[in-house]
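Per UniProt numbering, the sequence shown starts with residue 1, numbered consecutively.
Just so it is clear, CB atoms sit at the ideal spot from N, CA and C, and this is done for glycine as well.
Have a look at the structure below before the remarks.
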Amino acid sequence: MIKLPETAGPLYGKVKDYVLGNIGSGKWPRDRRLPSENELVSTLGVSRMTVHRALRELTSEGHLLRIQGVGTFVAPPKPQSALIEIRNIAGEIAARGARHRAEVVVLEKIRNPALDLVVAFEFTRRRPVAHSIIVHFEDEVPVQLEERFVNPALAPDYHRQNFVATTTYDYLQRATPLTEVEHVISAVAAEEMAARHLMIRPGDPCLLLHRRTWSGAAVATVNKLTYVGSRYSLGSRYAPSSTA
């Protein structure tokens with residue numbers, strides 16, 4: 001049993017401090033499932049009502065995400081700034097004087113998405129999501145593998161579109177204007193599926209751009225954009241809000 005500090009203040013506040021301390025220290029990382037209320041009651045030696053109030057307040061403050069019938073998770077962080085502009089890859093390719101072509105590999109609705117997607121979309125229960133995998137070509141050379149998961153509450157007809165004739169960017173701009181964006185870039189070795197579609201060898205260096213977008217308070221899309229390292233570069237130009 002863990003003994004909470006004997007300081008002034010309500011007991012539920014000490015439970016909140018305990019949870020926030022574990023999140024801040026990295027012991028409970030992003031997207032991690034928290035111990036159940038019963039486990040926290042046993043660990044901390046407090047009442048279930050105290051634990052329930054602490055978790056309820058942390059959820060309303062945005063620190064936790066509670067998924068009905070699944071559990072409570074550390075909430076994904078909210079975006080702070082977008083250092084890479086969201087652009088239409090077809091327009092980028094055309095601006096270079098090249099020809100764009102898209103090949104749709106997968107276009108479907110997933111009725112029972114994986115738990116990591118439920119958390120990424122900040123759903124309170126499992127809900128269907130639309131899913132697409134598209135390869136983008138520049139003068140018949142594949143340069144990007146685009147995988148998107150889309151909130152159908154915001155773009156209900158996404159899985160019925162012809163993304164050879166139009167881009168996902170154009171459709172989503174019309175369907176659900178974006179208000180916030182989160183980008184995380186990694187250098188990765190190409191997995192077998194990505195290597196096959198990008199016409200490279202497994203293990204070849206790639207850039208992986210994880211992107212989430214919001215429309216108002218709701219997460220609109222969760223995306224993975226894979227670029228061939230030798231064929232593409234990522235960058236942006238922007239005006240900082242303050243001097244460093």
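Option in the options with minimal Cα separation from residue i
i: T167; options: R53, G91, A194, H197; result: G91
i: L172; options: Q144, L34, H183, T213; result: T213
i: A120; options: V222, E6, D17; result: V222
i: P35; options: G9, G203, L64; result: L64
i: V181; options: A220, E191, H197; result: A220
i: residue 266; options: A165, D116, A155; result: Residue coverage of the chain in this structure runs from 1 to 244, which leaves residue 266 outside it and unanswerable.
i: L4; options: W28, G24, R32, S47; result: S47
i: G216; options: P177, T72, F163; result: P177
i: A194; options: N162, A165, E138, V228; result: V228
i: P76; options: I23, P113, F137; result: I23
Simplified DSSP state of residue i, which is helix, strand or coil
i: R211; result: strand
i: residue 245; result: The structure shown has nothing for residue 245, since the chain only spans 1 to 244.
i: E192; result: helix
i: H63; result: coil
i: I23; result: helix
i: S36; result: coil
i: S42; result: helix
i: V70; result: coil
i: T176; result: coil
i: A94; result: helix
i: E6; result: coil
i: R56; result: helix
i: L154; result: coil
i: T167; result: coil
i: R48; result: helix
CB-CB length for residue i against residue j, believed under 8 Å
i: L208; j: E146; result: With a Cβ gap of about 12 Å, L208 and E146 do not count as contacting.
i: L44; j: I2; result: 6 Å
i: V19; j: L58; result: 6 Å
Per DSSP, cross-strand counterpart(s) of residue i
i: Y227; result: Q144, L207
i: S186; result: L208
i: S132; result: L107, R148
i: R101; result: F137
i: V181; result: T213
Any chance the region 43-57 sits against the region 3-19, with 3 or more Cβ pairs inside 8 Å?
yes
Stretch pair the region 128-145 + the region 95-114: three plus CB contacts closer than 8 Å:
Counting Cβ pairs under 8 Å, three or more are found: they touch.
I want to know whether the region 121-128 touches the region 192-201 - three or more CB-CB distances under 8 Å.
When C-beta atoms of the region 121-128 are compared with those of the region 192-201, fewer than three pairs fall below 8 Å, so the two segments do not count as touching.
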